[in-house]
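A short worksheet on the structure shown next.
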Amino acid sequence: MFIKQYTFRDRKKLSWKKFGNQPLDWITYHTLNDIYHWLDQIIQKFPKIVKGFDVGRSYEGRLIRGIKISFRRGRKAIFIESNIHAREWITSAAVTYLIKELLFCTNLTVRRVLESVDWWIIPVLNVDGFVYTHEKDRSWRKSRKPSSPNCFGTDLNRNFDFQWGALGDKSDPCSAVYPGSHPESEPEIKQLVKFINQNIPEGTIKVYIALHSAAQLVLSPWSHTEDLPGNYSEMMFVAQAFVEALYKRNGTEYSFGTSANKLGKFSGGSKDWAYAVKGIPIAFTIELPDKGDFGFDLPEQMILPASKELVDGFVGMIKAVKQLGYI
1 MFIKQYTFRD RKKLSWKKFG NQPLDWITYH TLNDIYHWLD QIIQKFPKIV
51 KGFDVGRSYE GRLIRGIKIS FRRGRKAIFI ESNIHAREWI TSAAVTYLIK
101 ELLFCTNLTV RRVLESVDWW IIPVLNVDGF VYTHEKDRSW RKSRKPSSPN
151 CFGTDLNRNF DFQWGALGDK SDPCSAVYPG SHPESEPEIK QLVKFINQNI
201 PEGTIKVYIA LHSAAQLVLS PWSHTEDLPG NYSEMMFVAQ AFVEALYKRN
251 GTEYSFGTSA NKLGKFSGGS KDWAYAVKGI PIAFTIELPD KGDFGFDLPE
301 QMILPASKEL VDGFVGMIKA VKQLGYI
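For the sequence shown, UniProt numbering begins at 1 and goes up steadily by one.
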């Protein structure tokens, strides 16, 4: 059952083409201002379905914004954080396309699956780094808070308070994977954790997704050890459903497994924190395309195919999580 304000028929009338001037088009990469302008548009257009929220402010004072999309109160949730690594532009592009499909998709079967959960989505978590990649250095990875007199930035996906600093060199602030001076030392991560703890009731989030690129992988905990998590078989069931659903569109192949076994060991990452500290049963890093030809600079003509595949994958994922009884 849909929220009364916007039935399926209503959405046909509110087609994407009739939505008006769009700052996003998924045939090019867009700035943070474009993304935020677009969020404002959909919040205004769908006031009973879409609610905006602010996680807090970055080191340089930028708002870290997100949206919650909910079609019925009291449902379990999927939480997505994207662009924690500044140069991984395809992540915010693909997740904004997902938002568009959540609101404008006219395939009733797909809609029923996507609307069966609540969605908490942060398109760009590392806002300072993201802006820096657009204005100064396309290959920048970290945040922008000074880490020493001569170096800038922390790898925000090493700054969470689970196994922080267990692996890697904590003593080199110039390293691309510098984890920060202590757990949650960075305002972006401290405020993200605080926001989740204070605004989303315990047990609500059943799936946590960290969107990354570029490797075409679905990665479960653990990252710091090759040991398997307690419900490894369940997570692999869900991961397989995701990659099989995604494959059907273009034949794009993703692999799946634990982070440590598929990508290499590290510590202090978000999905391990979500799984171990928050008790979220399904927690993944999803590495979007590609596998090495273009790396983080994915050509613009590949934005739309990768984004459509991500939506397909989420449809398969939700079906699998439902079979497990989590949602």
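Using N, Cα and C, we set each Cβ at its ideal position, and we do this for glycine too. Note that the coordinates shown come from a computational prediction; the quantities given were computed from them, not determined experimentally.
Review point. What residue does the beta strand (DSSP E) around Ile64 start on, and which one ends it?
Key: Residue numbering aside, residue 64 sits at position 64 when the sequence shown is read from its first letter. Residues 63–69.
Check your understanding: Is it true that the CB of Val113 sits closer than 8 angstroms to the CB of Val315?
Key -> As a first step, residue 315 is located in the sequence shown; it is residue number 315 there, counting from the start. As a first step, residue 113 is located in the sequence shown; it is residue number 113 there, counting from the start. Yes, the pair counts as a contact, with Cβ atoms nearer than the cut-off.
Practice item. Determine whether the Cβ of Arg141 lies closer than 8 angstroms to any Cβ atom of chain C. Key: Although the question refers to chain C, the structure presented lacks it and comprises just one protein chain.
Review point. Where DSSP assigns a beta bridge to His212, which residues make up the other side?
Key: Taking the first residue of the sequence shown as position 1, residue 212 is located at position 212. In the DSSP output, where bridge partners are listed per residue, His212 has Glu287.
Check your understanding: Do you know offhand how far Lys48's Cα is from Gly165's?
Key -> Within the sequence shown, numbered from 1, the residue matching residue 48 stands at position 48. Within the sequence shown, numbered from 1, the residue matching residue 165 stands at position 165. One C-alpha to the other measures close to 43 angstroms.
Review point. Taking the alpha carbon of Lys100 as the point to measure from, which residue in Lys308, Ile327, Leu217 has its own alpha carbon closest?
Key: Within the sequence shown, numbered from 1, the residue matching residue 100 stands at position 100. Closest option to Lys100, Cα to Cα, is Lys308.
Practice item. Starting from the N-terminal side, write out each stretch of the beta strand (DSSP E) that is 3 residues or longer and does not extend beyond the stretch 72–103. Key: 77–82
Check your understanding: Which parts of the stretch 186–264 are runs of the alpha helix (DSSP H), unbroken and 4 residues or longer, counting only runs that do not cross its ends?
Key -> 187–199, 232–250, 259–262
Review point. Can we say the stretch 212–231 touches the stretch 293–313, given the rule of at least three CB pairs closer than 8 angstroms?
Key: yes
Review point. Cβ of Ser213 within 7 angstroms of any heavy atom in the ligand FAD?
Key: This structure lacks the ligand FAD; in fact it carries no ligand of any kind.
Check your understanding: Can you list, in chain order, the stretches of the beta strand (DSSP E) that have 3 or more residues and sit fully within the stretch 106–185?
Key -> 118–122
Review point. Within the chosen definition, does the stretch 272–280 reach the stretch 50–67 through at least 3 CB pairs nearer than 8 angstroms?
Key: No contact exists between the stretch 272–280 and the stretch 50–67.
Review point. On the premise that Leu156 lies in contact with Glu188, defined as a C-beta separation below 8 angstroms, what is that separation, rounded to the nearest angstrom?
Key: Here residue 188 corresponds to residue number 188 of the sequence shown, with the count starting at 1. Here residue 156 corresponds to residue number 156 of the sequence shown, with the count starting at 1. Indeed, because the Cβ distance is near 6 angstroms, the residues count as touching under 8 angstroms.
Exercise for review: Could you check the C-alpha separation between Gly66 and Ser267 for me, to the nearest Å?
Suggested key: Taking the first residue of the sequence shown as position 1, residue 66 is located at position 66. Taking the first residue of the sequence shown as position 1, residue 267 is located at position 267. In a straight line, the C-alpha of Gly66 is about 26 angstroms away from that of Ser267.
**Study point:** Validate contact between the stretch 27–35 and the stretch 168–187 using beta carbons, cut 8 angstroms, 3 pairs
**Key:** no
Review point. If we count the other Cβ atoms within 10 Å of its Cβ and call it buried at 16 or more, is Thr133 buried or exposed?
Key: Here residue 133 refers to the residue found at position 133 of the sequence shown. Buried is the call here.
**Study point:** Residue span of the beta strand (DSSP E) that contains Val315, given as start and end
**Key:** Here residue 315 refers to the residue found at position 315 of the sequence shown. Residue range 303–324 is occupied by the alpha helix (DSSP H) that includes Val315, with no beta strand (DSSP E) assigned at that position.
Practice item. Can you have a look at Gln323 and say buried or exposed, based on whether 16 or more other CB atoms are within 10 angstroms of its CB? Key: Counting from 1 along the sequence shown, the entry for residue 323 is found at position 323. Exposed, since its Cβ has fewer than 16 Cβ neighbours within 10 Å.
Check your understanding: If we ignore side chains and look at the alpha-carbon of each, how far apart do Ala239 and Ser147 end up?
Key -> Taking the first residue of the sequence shown as position 1, residue 239 is located at position 239. Taking the first residue of the sequence shown as position 1, residue 147 is located at position 147. Computed Cα separation, rounded: 36 angstroms.
Practice item. Give me the Cα-Cα distance between Arg11 and Lys136, rounded to the nearest whole angstrom. Key: Your numbering for residue 11 matches position 11 in the sequence shown. Your numbering for residue 136 matches position 136 in the sequence shown. Residue confidence is low: Arg11 scores 47 on pLDDT, short of 50, so the model does not pin down where it sits. No coordinate-derived value is stated.
Check your understanding: What are the boundary residues of the alpha helix (DSSP H) that includes Lys48?
Key -> What you label residue 48 is simply residue 48 of the sequence shown in a count that begins at 1. No alpha helix (DSSP H) contains Lys48, which DSSP labels as neither H nor E.
Check your understanding: Using a Cβ-Cβ cut-off of 7 angstroms (strictly less than) and excluding sequence neighbours within five positions of Ile3, which residues of its own chain qualify?
Key -> Taking the first residue of the sequence shown as 1, we reach residue 3 at position 3. Low confidence applies to Ile3: its pLDDT is 38, below 50, so where it sits in the model is not reliable, and the reading given next is rough at best. These residues qualify, in order along the chain: Lys48, Ile49, Phe71, Arg72.
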